[in-house]
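**Student:** Reminder that position 68 of the sequence shown reads as 68 in my numbering, one-by-one numbering, no gaps. Glycine included, C-beta positions come from ideal geometry on N, C-alpha and C.
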Amino acid sequence: MNDIESTFRNPSRSVSHASSVFKKRTIAKAIGLVALLGAAGAAQAADCTGVNVYPNWTASDWSGGQPNHSNPGDQLVHQNALYSANWYTATTPGSDPSWSLLGSC
């Protein structure tokens with residue numbers, strides 16, 4: 001007897017089998033998600049030596065001008081965390097998508 005014949009003869013077997021498979025897959029996904037979140041939550045240590053601390057900006061609009069922003073790739077420390085600018089920005093590090101968190105200092 002194949003699986004199709006078995007299902008027609010005993011439909012409740014199919015439901016319980018599907019339910020069991022669903023539960024196993026759900027548990028496996030949940031375990032994977034917990035592991036992923038645990039790894040993401042672990043702060044990476046970053047070397048913040050010599051990096052400007054916000055609001056001491058890294059770039060100015062003209063030569064000799066007062067620093068007032070960061071350019072792509074510039075780094076700033078804010079609240080003991082190291083950030084890298086994704087594009088020209090004058091926002092607080094970590095406050096929006098213009099910054100990427102590199103790790104804790």
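Do you know whose CA, among N80, Y88, A46, lies nearest W57's CA?
**Tutor:** Residue 57 sits at position 57 when you count from the first residue of the sequence shown. The residue from N80, Y88, A46 with its alpha-carbon nearest to that of W57 is Y88.
**Student:** Can you check the region 39–79 for any beta strand (DSSP E) of at least 3 residues that lies completely inside it and give the ranges in chain order?
**Tutor:** At a cut-off of 3 residues, the continuous stretches assigned as beta strand (DSSP E) that sit fully inside the region 39–79 are 75–78.
**Student:** Please name the residue or residues paired with L102 in a DSSP beta bridge.
**Tutor:** Counting from 1 along the sequence shown, the entry for residue 102 is found at position 102. In the DSSP output, where bridge partners are listed per residue, L102 has none listed.
**Student:** In the DSSP assignment, find the unbroken beta strand (DSSP E) run with Y83 in it and report its ends.
**Tutor:** Working through the sequence shown from its first residue, we reach residue 83 at position 83. For Y83, the enclosing beta strand (DSSP E) covers residues 81–85.
**Student:** Determine the direct distance from the alpha carbon of G64 to that of A40, and round the result to whole angstroms.
**Tutor:** As a position in the sequence shown, residue 40 is number 40, starting the count at 1. As a position in the sequence shown, residue 64 is number 64, starting the count at 1. Reliability of the predicted coordinates at A40 is poor, the pLDDT of 49 falling under 50, and no value is obtained from them.
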